[in-house]
Each structure stands twice: as C-alpha cells, then as structure tokens.
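Protein chains in written order, with the working numbering: chain A, 271 to 618; chain B, 139 to 450; chain C, 1118 to 1548. Backbone N, C-alpha and C define an ideal beta-carbon position, used for all residues, glycine too.
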C-alpha cells in the first residue's frame, strides 16, 4: 500500500512537470508555432486555389475569391488561429498529448507521409536500436567493472583512467577519428549509414548488414561512456563498502565474493538501476551528433537535417518526443528505485 | 581455559606512522565466564574484539602473539580454515547497537538462513530460526521483516539470535547496548546473563561503560592506550581497585546519588609515538619518576587481582 | 593526479596568453580564404619530413638572384628578374606562387621557366594578374597548352599539383619524371617608363606545412587550434562557474530547508531539468546575433539542475549530522547555521564540480560549434571540425584536420577532469 501511494505521488509530480515544461516550451515557441500554422494554411490555400482554378472554369474571379476566402476561414478556425490565446493553448496541449505535430515543411517520411509524427515514428526505432543497445552494453560492463574496483586496486586505477576519457572526449570526434582510421584508412568497417546500399532483400542478410554497420558506432559510444558509468558504480559501491553491514557480513563467515556480488550489489541496485534508466533515457538525447557523423538514419540525423532546412515542425516534434522520453525515464527511475529498495516499499 | 590471548599486538600502518593500537595484551576466558573488557574510546578494546575474530580492518595488522582456543593457536590458521571452522561457528560477535548489522535489502530470516547454509548446517531452517528467536525472546514473526522495520532493541536481539545460530562457544559483545535506551539496555544485559546460564555461553563484554560491567561480568580487564592496566574479579575491581586509572574510572561513573560527575583530565597519548614508561603517566595523579622511564610489570595478588603499576 | 592536472593547466594558460597576443587582424582574417592563398592546401604537418625526408618538404621561398634593367628602345624598359634554385625532390612542388609588385603598371610580363635539361616554358602573364600574386591555376591556360603539346593530351584533373608537373617534369619522359637539378626562372617585365620592382619572390609550395598541417583552404591548423583556445576556456569557465554556483546554492538551500519548501524547489528543478536544450539553442541562434557570453549563459541556464540535485543530497546528509540539531536547539537562527555550517561543508564539492564542469561546458560548446550553432566570427575547434566534415576530410585522408582540433578539446578537458577527480577524492576521503 505504501508503494502505491509512492507511485501515485510521483506520477502526479512528473505529470505536472510535463505539463508545465511543455507549457513553457509552448510559450517560448509560440510565435514560431503561429508562423508554422499560418504558413501551413497558406500552403493549403494555395493548393486549394490551384485545384479550384483547374476544375471550375465556369466560375468568375470574384466567385473564386469568395470560395477561397471561405476555405481559408474554415482552416483558420480549424487550427484555432483566430481563437484567444487560452483556447489556442489548450488546443496545442491537446494536440501534443495525441502526438499530433502537424506536417513538416520539407521533410518526408519514406512512406510518403508528411506528418511529423509519422516521420518521427519511422526514424525513432533506428535511434533506439543503436543507442539503447549501446547503452545496455556499457551499463552492464560498467557495473561489472565498477564492482570489481571494490575488490582490486588495479581495477580502481583503470576506472580512474577511463573515467577521464569519458569526461574529455566528444563522442562525435571519436567517431570521426575511428571512421577515418577504420573505415577509410584500414577498410574494416563501413563509413556510415545503417545498411549497405541498396539494402539486402533477404531479412537475414539485412540483419547482418545492419549489425555490420552498427559495430563502429556501437564501439564509439561504448568507449566514451563505459568509463563514466563504471565510475558512478564505483563511487556507489565504495560508499556502501564502508557501511557496517559489510563488516558484519564478513564476520558471520560469508565469503568476500558473495558479499560483493550479492549483498553489496543488491544494496547498490536501486541507485545503479536509477542511473541505468537515466542513461537510457538520456542516450536518445545524445544521438544528434553521433548520428550525424555516422550518417545513421535516426532522429538525431533527422533533427540535424531539420535544422539545416529550417523545418520547424519537425524540430518541435522531435523536441516534444525527447522531453516526454526524458521525463518518462526519470519517472521510471524513481519507480524502479522504490521497487528495489525495500525501505521505500514499506514506507520509511 | 577456553580462550587464551597471549601477547597480542595489533598495529595500524597509517600515513602518520605506525599506530600501536594493541600492544602486548593478555586475556583469558574460561567456559561459562562473562569477562569485561573496559576502556575509553581509542583504548583499543574494539580492536581486540576484531582481532579475535581476525577481522582487523586495513591498514591494521596483527603483529604478534598467540590466540589459543582450547589449546590450538587459531592465529596460525589460514583464512579459509578459520572462516569455515571458527568464525561464527566457535566464536561469534555482536556489534555496536547503532550499527546496521544486517544487510538492509534482505529479510532477517533470509540472512540467518544464509549463515546456516554457508556453514553447512542442514536441517529445518525455519524451525531453527524460530528456535533462535525464542532464545532471545523475540516474536518469530519479526523474522519475516526487513531490518529497518525493527526497533533498535529488536534488531540487536535479532542479531544476537543470528550470532547464536551455529552454537558458538564464545560470544564477543562489542558495545552491544550503546545507542539503545536504558530500558532496552537492561533487557539485553539480562538476556546475555540468561544465555550464559542456558547455553553455558562464554562472553567477552567490551564497553566503555563500567557501570554495565558491574552488573554482568565475573572478571574484568581494564584497558588503557593499548595496554592492560589492571585485571581481576569484579568485586576487587569495583570495590577495591588498585590501579589509579581503575579508581578514576569508577569514580567517574555517574550514579543517581552523586552530585558531581567527575572526569579524568588529560588526553590519551598518541599511539604512533607511545610514551616511555607507563602509558598512563601524563594523567596519573600518583605518577613518579620511574613511571616516565620504565614500563611497570604485572604484579599478582592473592585475591586474583593483577596490576601493572609502580605503586605496587 | 591532481598535480598533473595543474601542470597541464598552467601550460595551457601560457598558450592562452600567446593566443591572446596574436594581432586581431590575423584573427579576423581566419575566415577569409583569400588571406591563406599562399599556403599549401590540405597538406599534412611538416614534421612528417623528419620521418619521411624524401616524401615531405616545406615551402621554399626564393628571392631574386639578380635584377637588371635595360632599355632596348625608346619608351621600352625591360626589367629582368632572375631566380635560380636547385631542385632535389623526386616530385614537383605542390604549387608555385609568383609575387611581382611594381610601382607602376607594366605593359607585359613574361615568365621564362628554364629546366635543368635546357627546355624552357614561356608563359605570358595575364593582365589581370599584374601586381597581384598568382599561382599556377591562374596561368593554367598556358600550362595546359604546354602539356598537351608535349604529351599529346590534357591531364584528367586540373589542379595546382598536376599543373606543377609541367614545370618540374622532363619533357623527355612525357612529363612523368621529375627533373632534379638547377632551375632558372627569368621574369621579364616590360614597361613604358623606368620602373621599380618593390617586392618580388617566388614560392615553391611544399606538400607539408607547420605543426598540424593545413585545411582545404590552406589555413594552418596549428594557428586555428591556438586561436580557439581562449574562447574555449572562457566558455568552459563561464558555464561551469555559473551553473555550479547556482545549482549548489539552490540545491543546498532546498536540502537545508526540507519540508514543503524543499519539495517545491525540487519540483522547479525538475522542470528546468526537463526543458529540452535544443529548441532554445536553435531559437536563440535564429533570433539574435549569438555571442559567446550569451551562449554560455544559456548553457548554464539549462545545466544548473544537475548540480542542484547533487547538492541537495549532500545537504540532506549534512543535515542529519548532529551538530546542526544542537545549534537549532541553542537558538541560533537558521540562516546563520546555513552559512557557518552548511556552506563550508559544500565548498569542497563545489570546487570539484566547478573543475569537472569546465570540460563539460567546453565539450558542449564545441559540439554546438560542430553543428553550426556558434557565434559567427570566432574560431572554434568544433567549427574547424565542422568544416572538416563538410569537406570530407576523413574520406580524403586528411587526418591532421580531424585529429588535431579534436585532440585539443581532449587536451584542454583533461587537466580539469584530473583536478576535479583529485578534489573529489580528497573530500570523499575526509568524510
């Protein structure tokens, strides 16, 4: 029961934060959004006018103009452009909840749809495929390395070094260097993209091609991030090792490896799990530069292209998605912490 | 003699130098005895407890001496043998009351069962846990809870239960009642006395609070700055102490009928550079010249008291 | 560990001072490709010549060995500038630059390029290049003619290097083998009146340059790296100090106050944490003329929640320390406790994070520059790398363009990280 109240409290907090954040975003991007919508309307009106002129020769110019005007008005009211700000606000929020971001200016999904939500839906899985996989790998490796540091001084020193690596190397630069070295210098890996061109038809070959293309970015993300995560785990473990129950565990005859991998790990797991979820949620945010360097067709590359083309609906759409993902991640992190730490579960 | 600690030395190798926390200490424990080990904080008393369990933390090392358990020197054994045959099996330990002795994320019952399993104890685990809880007068249903759900006193009793799981012969109680309220304190003391009676358990009771020892121990060792100052039966120690330090300690016990709480002036010497002569020399009201030059030897008295002081 | 960090930092500061002392016009001319026309384009660092002496050489500058004037007829003055040099490499120069400045406009300029085997190329300098430095691409018409005359066909790729083969390779070998030996270059400047040659030299461009090579435009990478240093440090320090100080104060107060006020501040922190950086940055770069300080403030504006969370959890653990309770009992007002007990305890962690925050800020700023979001007229390593990516440096094998600017980012980040970790370890040890 205590856990349920805990979840409820957290849910309220995060949902309210979501609304407020999106509201702030809305206020900030309000003028841009107005421009987006009015441009969209103008575009639709122009199209409408064209088809109208093509198909109805029997109408004279004033009649045509009237019809067009009326059409424009329906559009304006449909988009709520003539509504007071409050209504516009609610309409916008409503659209966001439904993931309705409107249409892109220039970008098109491979399926042909111009809806921003479809575009994002197409590219998002690629980002998830690459980054989530990479994150899971470095989380596991980092946890193991971090734990090992409690046992041996050697690992402790290694972590210190690779943690420095993490904090000082930009992922995209390492990607750049590795591409130059391993894709052009020694032609071991492909220099970019997700599959070979043209993509193989056979699903098995397709899968192999994707894995082959994924290897280099995966290695890059891993090298840059594993040190940081290992350092976090190491700090957590080190502070737990100082706690009394570790000595008493040794006193009652439990072998050291069991103490480390069962008692300490389990005690550290709420914090580690939280960090893991944060890493997962944040990994998508870091996709922008890495995808650009590797030409990986995910939302990072999408955003970059959208920025260069000034395709505002896409930029805003991706932003909203990422915000939701981040908050969801933080929320889940807190939930998981609550599950794993019995002190919270039974209501301390 | 069940346990004989001879010439125990425990040194800590720190950046500031070698701290001689325990320097040539002798301690005996017979079957069914409750022996008190008293001293100020920093005197080394807990270190002795840890040394007997061979759990001295880094940067400390046991640098000499023998520990004879029923005649066998357990200091010589390798870590694995000691862990499997002695630690918790023959000698177990209860820690300071405020310590989180249990791992916070596992249920109490599971931790006791773990101890049983690791030491190869076979049988009905649930029954055994119930049995142990009865021994310490705890409601067995509490075993299903997590450590943080128990009160301080309950946690300490549960820990004692876990310490008794393998029927040890020696129980080292290191400040078991500190940070618990007075009522619970009494409870624990009585429990320990009960356990000694029922199980013929031998207990080393480590504390800074002499008043506690006066209620529970048969014999006492008074420790100061890593060395034993006086040791003897409780009647002598508490009624007719011979060492100045012991007298001062007893005088400083606050009781309801005393108006003034007296302390002992001065500070314990820095154990990385122990003083020449008797270690108490700077704070002793009776210090003579010889006290600053030579360490006093132990003198035995017919009433069972042993003192290391130049007054005798 | 921290000591290494401090040493590296001091070295960097020395370089920063050097960078700041570079005259402003060099700085501004960075983005103007014309200022770098006399530098070899996209060549590797010069020190490669130590390892491969036969493959790499640097630019050789030639001064005239002789300048003579004569007047063969009335109203015709000829100034003859003679250069000579010894060519010992087995391949042509990367490019050749002719610089002929005179105090009045000549009528005609002819270059006679005499090769060791005796053959000569005669090149008429186009009018538009009188008194203007010109290279082989400027006179490619003549050279291409010459090449097709000798070899019978035009080269596939026309760039300075292929044109250079005309000048350095022997006609006998169909312009495929470089001639070593003595070259004599005579430049005839014909004018109506007597003329003074104010400046003249010939540059035989090397195929390597400087400490770190050059980029597509010939800009020396080492200069770019140096110029980018002060700004990088500035933005790193700015974002770090602002976001850490703000974050720790907010977090510290929040943890100290506890209760509802704590929850409210936590909630606000969460909102800022959730605010996505991208739209703000993009929008700001659209709207205003982005400058360094603004960018720094914006990044700080979005970064402080991270430190607030850390400070808050530290504050909570300090709060459970008994002497704070004692003080409260003694009646000392809260704000005094805050300043005498709390804040001092938070200082070590503040210092540690300020040190660690600098590389984070630098990295972020350089990343933004790489994406094209940066103040327009400053030099950034991210900007250099952005150009490298645009011009496909990795495909063309121009590794120096990619490696050195990025390496600089790492090198600058490392001392701060070392110092930060060292401080963190010390403070944790004390606890």
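At a cut-off of 7 Å between beta-carbon atoms, residue 1428 of chain C makes no contact with chain A. Under the three-state reduction of DSSP output, residue 1374 of chain C falls in the helix class. Residues of chain B whose Cβ lies closer than 8 Å to the Cβ of residue 613 of chain A are, in chain order, 242, 284 and 286. Around the beta carbon of residue 153 of chain B, a 10 Å sphere encloses fewer than 16 other beta carbons of the protein chains shown; the residue is thus reported as exposed. Taking 7 Å as the threshold, the shortest C-beta distance from residue 426 of chain A to chain B does not fall below it. Assignment of beta-bridge partners to residue 482 of chain A by DSSP yields no partner.
Chain-order list of chain A residues neighbouring residue 273 of chain B: empty, with the shortest C-beta distance near 17 Å, by a criterion of under 9 Å. The Cβ atoms of residue 1425 of chain C and residue 1364 of chain C sit closer than 7 Å to each other. Of all residues in the segment 434-451 of chain A, only 434, 437, 438, 439, 440, 442, 443, 446, 447, 449 and 450 come within less than 7 Å of chain C when Cβ atoms are compared, listed by chain position.
In the displayed model, residue 1468 of chain C falls within a helix according to three-state DSSP. For residue 296 of chain A, there are no neighbours in chain C by C-beta distance under 8 Å, as the nearest C-beta there is about 11 Å away. Annotated three-state conformation of residue 438 of chain B is strand, per DSSP.
Contact with chain A is found for residue 1516 of chain C, since one of that chain's Cβ atoms lies less than 7 Å from the residue's Cβ.
Taking 9 Å as the Cβ-Cβ cut-off, the segment 504-521 of chain A approaches chain B at 513, 514, 515, 516, 517, 518, 519, 520 and 521, given in chain order. Residue 1393 of chain C belongs to the set of residues whose beta carbon lies under 7 Å from a beta carbon in chain A. Rounded to the nearest whole angstrom, the C-alpha separation of residue 1281 of chain C and residue 1209 of chain C is 6 Å.
By the neighbour-count criterion, in which 16 or more other beta carbons inside 10 Å mark a residue as buried, residue 1265 of chain C falls on the exposed side. Chain-ordered, the chain A residues with CB closer than 8 Å to the CB of residue 226 of chain B read 521, 522 and 523. When DSSP states are grouped into helix, strand and coil, residue 317 of chain B belongs to the coil group. Every alpha helix (DSSP H) stretch that sits fully inside the segment 1257-1283 of chain C and reaches 4 residues is listed by chain position as 1257-1268. Annotation for residue 426 of chain B: no beta strand (DSSP E) segment contains it, and DSSP assigns it neither H nor E. The continuous beta strand (DSSP E) containing residue 161 of chain B extends over residues 155-167.
Cα atoms of residue 446 of chain B and residue 289 of chain B: separation of roughly 42 Å, rounded to the nearest angstrom.
The Cβ of residue 246 of chain B sits no closer than 7 Å to any Cβ of chain A. In the structure shown, the three-state DSSP call for residue 436 of chain A is helix. If you ignore the 5 residues before and after residue 572 of chain A, its C-beta comes within less than 6 Å of the C-beta of 393, all in its own chain and listed in chain order. For the options B:279, B:328, B:337 and B:325, the alpha carbon positioned closest to that of residue 302 of chain B is the one of B:337.
Residue 323 of chain A has a beta carbon lying at 7 Å or more from every beta carbon in chain C. Contact between the segment 449-459 of chain A and the segment 470-479 of chain A is not established, with fewer than three Cβ pairs separated by less than 8 Å. For residue 469 of chain A, the CB contacts under 8 Å within the same chain, skipping 5 residues up- and downstream, are 476 and 479 in chain order.
Against chain C, a Cβ distance below 7 Å from residue 291 of chain A picks out 1388, 1391 and 1392.
At a C-beta separation below 7 Å, residue 191 of chain B has these neighbours in chain A: 521. Two segments are said to touch when three or more pairs of C-beta atoms, one from each, lie closer than 8 Å; by this definition the segment 227-234 of chain B does not touch the segment 243-250 of chain B. Counting C-beta pairs with one atom in each stretch, the segment 1349-1356 of chain C and the segment 1412-1422 of chain C have three or more that are closer than 8 Å, which means they touch. Following the DSSP letters along the chain, one finds residue 1197 of chain C inside the beta strand (DSSP E) bounded by residues 1193-1204. Across the segment 252-263 of chain B, CB contacts with chain A closer than 9 Å involve 252, 253, 256 and 257, in sequence order along the chain.
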